[in-house]
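Number of protein chains: 2
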Amino acid sequence: MQIHITEADGTPFYQQVVNQIKFLVASGRLDEGEQLPPVRRLAEQLLVNPNTIARAYRELEAEGVVASKRGAGVFVSDSGSPLSRKEKSRILNERIDALLTECSQLGVGVDSLLKLIEQRSKKFDSPRGGKS
Amino acid sequence: MQIHITEADGTPFYQQVVNQIKFLVASGRLDEGEQLPPVRRLAEQLLVNPNTIARAYRELEAEGVVASKRGAGVFVSDSGSPLSRKEKSRILNERIDALLTECSQLGVGVDSLLKLIEQRSKKFDSPRGGKS
DNA sequence: CCGATTGTATTACTGTGTTAATACAATTTC
DNA sequence: GAAATTGTATTAACACAGTAATACAATCGG
Numbered sequence: 001m002q003i004h005i006t007e008a009d010g011t012p013f014y015q016q017v018v019n020q021i022k023f024l025v026a027s028g029r030l031d032e033g034e035q036l037p038p039v040r041r042l043a044e045q046l047l048v049n050p051n052t053i054a055r056a057y058r059e060l061e062a063e064g065v066v067a068s069k070r071g072a073g074v075f076v077s078d079s080g081s082p083l084s085r086k087e088k089s090r091i092l093n094e095r096i097d098a099l100l101t102e103c104s105q106l107g108v109g110v111d112s113l114l115k116l117i118e119q120r121s122k123k124f125d126s127p128r129g130g131k132s
Numbered sequence: 001m002q003i004h005i006t007e008a009d010g011t012p013f014y015q016q017v018v019n020q021i022k023f024l025v026a027s028g029r030l031d032e033g034e035q036l037p038p039v040r041r042l043a044e045q046l047l048v049n050p051n052t053i054a055r056a057y058r059e060l061e062a063e064g065v066v067a068s069k070r071g072a073g074v075f076v077s078d079s080g081s082p083l084s085r086k087e088k089s090r091i092l093n094e095r096i097d098a099l100l101t102e103c104s105q106l107g108v109g110v111d112s113l114l115k116l117i118e119q120r121s122k123k124f125d126s127p128r129g130g131k132s
């Protein structure tokens with residue numbers, strides 16, 4: 001499990017773990033049904049308290065990314081991939097709302113915003129067609 | 001000064017004041033050079049501590065929306081509303097870059113993002129009353 | 001069954017953000 | 001210059017999030 005947490009990030013440890021596991025699942029590096037490391041082992045690896053990992057796993061379970069069984073372990077949920085799209089939207093909508101609010105305050109219309117984004121996106125490397 | 005704060009919102013009082021004054025300025029209901037209510041008066045009106053209003057004013061000053069002078073008052077900054085288009089773009093580009101970065105990590109294409117924003121923007125058409 | 005392994009619950013410590021109580025400093029007004 | 005009005009600084013109270021220490025409960029493996 002290639003997970004790496006950092007203090008400087010400002011985002012809490014458990015959140016970093018959540019995000020990175022989500023990414024591992026979404027990118028296929030963690031297959032459906034696969035077992036994640038036990039809370040104690042990952043905790044030891046990352047030098048944090050087992051409860052911190054447990055919280056991350058709990059969060060992931062609440063979002064349907066994984067399923068956990070006492071005594072057995074935590075496993076990637078079978079519907080990890082399809083759910084992730086709604087999850088993506090949810091995450092993005094938070095950012096989008098903030099952006100739209102800012103636009104409203106600046107008096108920038110949605111059309112102008114969309115053009116700005118299109119412009120800006122060209123400076124990012126190929127968006128790799130992401131549909132799905 | 002028609003400002004209204006609520007406890008249930010979850011967002012801190014000073015932040016609500018900041019947002020609403022920003023909106024009043026952006027919408028022209030507060031003209032350039034106009035003086036805002038003294039911290040104590042607005043505090044009394046909203047039934048909060050004067051320091052809470054002071055913090056909101058300080059925040060607004062840091063963002064260039066207002067300028068404050070000890071003993072005189074707090075006044076809407078001359079360049080509060082009419083930020084240059086390039087300036088607006090600069091501010092928005094920061095948010096946009098963060099958003100695009102997030103999309104890249106989530107594997108969401110720009111097209112999907114644009115559609116999400118269009119969807120989301122329709123819920124911003126009714127700024128009054130809309131709360132769930 | 002029994003011990004080992006696993007996730008879960010309870011509790012407490014710590015840091016940070018929000019707000020308030022109070023005192024201070026600058027400007028206005030007379 | 002003095003009093004009133006204004007913004008500012010300091011400090012504390014309080015709540016909450018994040019994390020850790022510890023004990024508990026369920027499952028697995030012999």
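Protein chains in written order, with the numbering used here: chain A, 1 to 132; chain B, 1 to 132.
We put the beta carbon where it would ideally sit given N, CA and C, even for glycine.
Computed from a predicted structure; not experimentally measured.
Short CB-CB distance (under 8 Å) between residue i and chain B
| i | result |
| --- | --- |
| E134 of chain A | Residue 134 of chain A is absent from the structure shown; chain A starts at 1 and stops at 132. |
| V25 of chain A | no |
| D97 of chain A | yes |
| L36 of chain A | no |
| K88 of chain A | yes |
| L30 of chain A | no |
| S77 of chain A | no |
| V108 of chain A | yes |
| L116 of chain A | yes |
Counterpart residues of residue i in DSSP-defined beta bridges
| i | result |
| --- | --- |
| F75 of chain A | A:Q35 and A:A67 |
Beta-carbon gap between residue i and residue j smaller than 8 Å
| i | j | result |
| --- | --- | --- |
| R120 of chain A | D111 of chain B | no |
| F75 of chain A | G28 of chain A | no |
| E59 of chain B | V18 of chain B | yes |
| C103 of chain A | L113 of chain A | yes |
| V48 of chain B | F23 of chain B | no |
| G73 of chain A | P50 of chain A | no |
| L99 of chain A | R95 of chain B | yes |
| Q16 of chain B | D9 of chain B | yes |
Cβ-based burial, residue i [other Cβ within 10 Å; buried from 16]
| i | result |
| --- | --- |
| G71 of chain B | exposed |
| T6 of chain A | exposed |
| S77 of chain A | buried |
| K122 of chain B | exposed |
| K115 of chain A | exposed |
| T101 of chain B | exposed |
| L36 of chain A | buried |
| T11 of chain A | exposed |
| K69 of chain B | exposed |
| A56 of chain B | buried |
| Q2 of chain B | exposed |
| A62 of chain B | exposed |
As assigned by DSSP and simplified to three states, the class of residue i
| i | result |
| --- | --- |
| L47 of chain B | coil |
| S104 of chain B | helix |
| A98 of chain B | helix |
| R29 of chain B | coil |
| Q20 of chain A | helix |
| Q119 of chain A | helix |
| E7 of chain A | coil |
| Q2 of chain A | coil |
Contact with chain A by residue i, beta-carbon distance below 8 Å
| i | result |
| --- | --- |
| N93 of chain B | yes |
| S68 of chain B | no |
| G80 of chain B | At G80 of chain B, the pLDDT of 44 sits below 50, so the modelled position is not reliable and the matter cannot be decided from this model. |
| R40 of chain B | no |
| E63 of chain B | no |
Residue i CB to nearest heavy atom of the ligand SAH below 7 Å
| i | result |
| --- | --- |
| T6 of chain A | Because no ligand of any kind appears in the structure shown, any question about the ligand SAH cannot be addressed here. |
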